[in-house]
Amino acid sequence: MPTLYLHIGTPKTGTTALQNFLPANEEVLEQHGICYPDFGFRYTGLGVHRNGHFLVTGNYKDEFGNRVPEKEEADYQEGLRKLEETGKKFSKIILSDEGIWKQSITDRENFWERLNKDLKRIGFDIKIVVYFRRQNLFVQSHWAQKIKEGEEYNFHEYLESPIFTEYPLDYYEYMHMLASIFGKEALIIRVFEKKQFTGENHTIQEDFLNIFNLKMSDGFVVEQAVYNTSFEGDYLKIKEILNNLPEFKSNKNLLISNMKNIQDEKIFEYNYKKYTFFKPGEEEEFMERFNSSNSMVAKEFLGREDGRLFYDDIKDYPEYQVDTYQLLCDVILVYGRMVNLLNEKCEAQLAELNALKPKVKEEKAQRIEKDAELRARIVELEQTSLWFRLRRKWRHITGKDAQ
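Reminder that position 250 of the sequence shown reads as 249 in numbering that gives the first Met the number 0, one-by-one numbering, no gaps.
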């Protein structure tokens, strides 16, 4: 019986890195009887390698912005059909989508019960793979992602918004629910901390392969180390401000992509500083609401008697504050780089235009020559037509042909 390994996030735990790593190593995976399939579904704004999104997609909208359940259901059924077919060739199939973590709870009634029933119907076992990130780190990364996507609220406004308050961050409650449906043995729980990753270099890729008793040395390669980078510090603040202008909400913007490149260069020393968006004392207070839940996950699902789910301590980083001078320096960098980039584009377009001038000149000369030939032909036709009419008139008057 084939087994579905359903990777459901959580978000901000290296999911994009895994979703690029797995298809890039398709041949090696298949040599071990593992398939990371592409079922052909494409959704606006989502990476093409989120191959499990068809299970919870809400991307179809009508002209009024309402969801279209018929299309969502069609994708769900088509995906299950393709999954069943793939199961005839491979014993282990991986589907991944971090959206499942939240959407299965907030957007789909009885999603997990239905999925369990449907997988049994098509003859599949299931393993649910989930990575947990400590909640104080998750919310900061999640807020930064929302700013990157075009939201306008600051961090503390985010913590009071439904985007946070309705987000499932009680890990034990979620795992207990899944265990009641699939059984504890179906849950593969990992912790998103470098020191808890397996492997020689303690990477997310090595840790995920360990689930299948595989190692990087089995022929796997990482083509790109970093995916889905977030804005940080001043660049996050600049993006937050720019989000007030509709044209800058999207990441598909020359200015935004340029900002990412400059941030990655870390030109100034202060760009290396670490910080938190929580006010002093808030971070520990924030975690108090989750400590009991996290401890129960560690004890009940990971067998850790000490109840420690996360090993890293909460870092005593300073709260991020806007430094006017530093912000001005970064704004000038962005402005200068944009001016230079636009200048390069203008020069490239000018060079392209100059390269076209000889061709345009040649084509113009050819058109003049053809126009002259055409005018000569018209004159010839006009003369021929006039002679024909004169001959006909002469014949009519004299009854004889003109010579």
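The C-beta atom is built at its ideal place from N, Cα and C for all residues, glycine as well.
key: Beta-carbon proximity list for ILE146, same chain, < 8 Å, skipping 5 on both sides   = The count along the sequence shown starts at 1 and reaches residue 146 at position 147. Same-chain partners within the cutoff: PHE230, LEU235, LYS238, GLU239 and ASN242.
task = Ignore the nearest five residues each way along the sequence and tell me which others in VAL55's own chain have a CB closer than 8 Å to its CB.
result = Sequence index remark: in the sequence shown, residue 55 carries index 56 (1-based). Result list for VAL55: ASP96, GLY98, ILE99, GLN102, SER103, ASP106, ARG107 and PHE110, in chain order.
task = Within the same chain, show all residues whose beta-carbon is closer than 8 Å to that of ASN257, passing over the 5 residues directly before and after it, in chain order.
result = As a working mapping, residue 257 is identified with position 258 in the sequence shown. Answer for ASN257: VAL333, ARG336, MET337 and LEU340, listed in chain order.
Buried or exposed (CB count within 10 angstroms, at least 16 for buried), THR15 = For the purposes of this step, residue 15 is taken as residue 16 along the sequence shown, with counting starting at 1. Buried, because 16 or more other Cβ atoms sit within 10 Å of the Cβ of THR15.
task = Look at the alpha carbon of TRP142 and the alpha carbon of LEU327, and state the distance between them as a whole number of angstroms.
result = Here residue 142 is taken as the residue at index 143 of the sequence shown, counted from 1. Here residue 327 is taken as the residue at index 328 of the sequence shown, counted from 1. Those two C-alpha atoms are separated by around 23 Å.
key: Contacts around ILE261, its chain only, beta-carbon distance under 8 Å, and the 5 residues preceding and following it disregarded   = For this step, residue 261 is matched to residue 262 along the sequence shown. Here the set comprises TYR234, ASP329, LEU332, VAL333 and ARG336.
task = Use the C-beta contact count for GLU282: other C-beta atoms within 10 angstroms, 16 or more gives buried, fewer gives exposed.
result = Your numbering for residue 282 matches position 283 in the sequence shown. Buried, since its Cβ has 16 or more Cβ neighbours within 10 Å.
ask   = Which term fits MET0, buried or exposed, when burial requires 16 or more other beta carbons within 10 angstroms of its beta carbon?
value = As a first step, residue 0 must be located in the sequence shown, where it is residue number 1. So MET0 counts as exposed.
inquiry  = Let's see if you can read the secondary structure: which residues bound the alpha helix (DSSP H) around ARG488?
reply    = Outside the modelled stretch of the chain, which goes from 0 to 402, sits residue 488, for which no answer is possible.
task = Look up LYS60 in the DSSP assignment and say whether it is helix, strand or coil.
result = Working through the sequence shown from its first residue, we reach residue 60 at position 61. Three-state DSSP puts LYS60 in a strand.
ask   = How far does the alpha helix (DSSP H) with ARG80 in it reach, from first residue to last?
value = For the purposes of this step, residue 80 is identified with residue 81 of the sequence shown, where counting begins at 1. 68–85 is the extent of the alpha helix (DSSP H) around ARG80.
task = Pick out the complete beta strand (DSSP E) segments inside the segment 233–273, 3 residues or longer, and give them in chain order.
result = none
Three-state class that DSSP yields for LYS88 in the structure shown = One-based indexing of the sequence shown puts residue 88 at position 89. In this structure, LYS88 counts as coil in the three-state DSSP scheme.
inquiry  = Using CA atoms only, rank isn't needed, just tell me which of LEU28, PHE207 and ASP322 is closest to TYR274.
reply    = Position 275 of the sequence shown holds residue 274. Among LEU28, PHE207 and ASP322, the Cα nearest to that of TYR274 is on ASP322.
ask   = Cβ atoms of TYR35 and LYS126: under 8 Å apart, would you say?
value = Locating residue 126 in the sequence shown gives position 127, counting from the first residue. Locating residue 35 in the sequence shown gives position 36, counting from the first residue. No; because the gap between Cβ atoms is not below 8 Å, this pair is not in contact.
inquiry  = Within 10 Å of its beta-carbon, does LEU79 have 16 or more other beta-carbons around it, so buried, or fewer, so exposed?
reply    = By 1-based counting over the sequence shown, the position of residue 79 is 80. LEU79 is buried by the Cβ-count criterion.
message = Within 10 Å of its beta-carbon, does ASP173 have 16 or more other beta-carbons around it, so buried, or fewer, so exposed?
response = Residue 173 sits at position 174 when you count from the first residue of the sequence shown. In the sequence under discussion, the amino acid at residue 173 is Tyr, which differs from the Asp named in the question. By the 10 Å Cβ count, TYR173 comes out buried.
key: Distance between beta carbons of GLY13 and PHE123, contact taken as under 8 Å   = Within the sequence shown, numbered from 1, the residue matching residue 123 stands at position 124. Within the sequence shown, numbered from 1, the residue matching residue 13 stands at position 14. The C-beta distance from PHE123 to GLY13 rounds to 26 Å, too long to meet the 8 Å contact threshold.
ask   = Within 10 angstroms of its Cβ, does GLY182 collect 16 or more other Cβ (buried), or is it exposed?
value = Taking the first residue of the sequence shown as 1, we reach residue 182 at position 183. So GLY182 ends up on the exposed side.
message = Within a Cβ cutoff of 8 Å, which residues of the same chain sit near LEU177, ignoring the five residues on either side of it in sequence?
response = For the purposes of this step, residue 177 is identified with residue 178 of the sequence shown, where counting begins at 1. Cβ neighbours of LEU177 beyond the five flanking positions: TRP111, ILE127, ALA185 and LEU186.
inquiry  = For LYS11 and GLU346, I'd like the C-alpha separation in whole angstroms.
reply    = By one-based count along the sequence shown, residue 11 stands at place 12. By one-based count along the sequence shown, residue 346 stands at place 347. Their Cα atoms are separated by approximately 40 Å.
task = Decide yes or no for the touch test of the segment 157–176 against the segment 291–300: beta carbon pairs closer than 8 Å, at least 3 of them.
result = Yes, the segment 157–176 is in contact with the segment 291–300.
query = Per DSSP, which one or two residues make a beta bridge with LEU3?
reply = Position 4 of the sequence shown, counting from 1, holds the residue named residue 3. BP columns for LEU3 point to ILE92 and ILE125.
task = Compare the beta carbon distance of LEU82 and ILE92 with 8 Å and say whether it is the shorter of the two.
result = As a working note, residue 82 is residue 83 in the sequence shown. As a working note, residue 92 is residue 93 in the sequence shown. Yes, these two residues count as a Cβ contact at 8 Å.
ask   = Could you give the residue range of the beta strand (DSSP E) that holds LEU28?
value = Numbered from its first residue, the sequence shown carries residue 28 at position 29. No beta strand (DSSP E) contains LEU28, which is instead part of the alpha helix (DSSP H) from 25–30.
request  = Name the two residues that bound the continuous alpha helix (DSSP H) containing ARG288.
outcome  = One-based indexing of the sequence shown puts residue 288 at position 289. Residues 281–301.
task = Please determine, among LYS278, ASN290 and SER291, the residue with the shortest C-alpha to C-alpha distance to TYR316.
result = Within the sequence shown, residue 316 is the residue found at index 317, counting from 1. The residue with the shortest Cα to Cα distance from TYR316 is LYS278.
task = Tell me where the alpha helix (DSSP H) around LEU208 begins and ends.
result = For this step, residue 208 is matched to residue 209 along the sequence shown. 203–209 is the extent of the alpha helix (DSSP H) around LEU208.
Contact set for ILE255: own chain, Cβ-Cβ below 6 Å, skip 5 residues either direction = The count along the sequence shown starts at 1 and reaches residue 255 at position 256. Here the set comprises nothing.
query = Do GLN195 and VAL221 have their C-beta atoms closer together than 8 Å?
reply = The residue you call residue 195 lines up with position 196 of the sequence shown. The residue you call residue 221 lines up with position 222 of the sequence shown. One thing to note: GLN195 has its Cβ no nearer than 8 Å to the Cβ of VAL221.
query = When the Cα of PHE219 is compared with those of HIS6, HIS31, THR85 and ILE7, which residue comes out closest?
reply = Within the sequence shown, numbered from 1, the residue matching residue 219 stands at position 220. Answer by Cα proximity: HIS31.
message = Which same chain residues end up closer than 6 Å to LEU21 when comparing Cβ atoms and leaving out the 5 residues on each side of it in sequence?
response = Mapped onto the sequence shown, residue 21 falls at position 22. Around LEU21: TYR35.
task = Could you tell me whether the Cβ atoms of TYR59 and VAL47 are closer together than 8 Å?
result = The residue you call residue 59 lines up with position 60 of the sequence shown. The residue you call residue 47 lines up with position 48 of the sequence shown. The answer is no: Cβ separation not under 8 Å.
inquiry  = Quick test of your reading: PHE309 and ARG189, contact by CB under 8 Å. State the CB separation rounded to the nearest angstrom.
reply    = Mapped onto the sequence shown, residue 309 falls at position 310. Mapped onto the sequence shown, residue 189 falls at position 190. Contact annotation, PHE309 with ARG189: C-beta distance approximately 12 Å; criterion of less than 8 Å not satisfied.
query = If we ignore side chains and look at the alpha-carbon of each, how far apart do ARG366 and LEU45 end up?
reply = As a first step, residue 366 must be located in the sequence shown, where it is residue number 367. As a first step, residue 45 must be located in the sequence shown, where it is residue number 46. Using only the alpha carbons, I get a separation of about 50 Å.
ask   = By DSSP, does LEU213 sit in helix, in strand, or in coil?
value = Indexing the sequence shown from 1 puts residue 213 at position 214. If DSSP states are grouped into helix, strand and coil, LEU213 belongs with coil.
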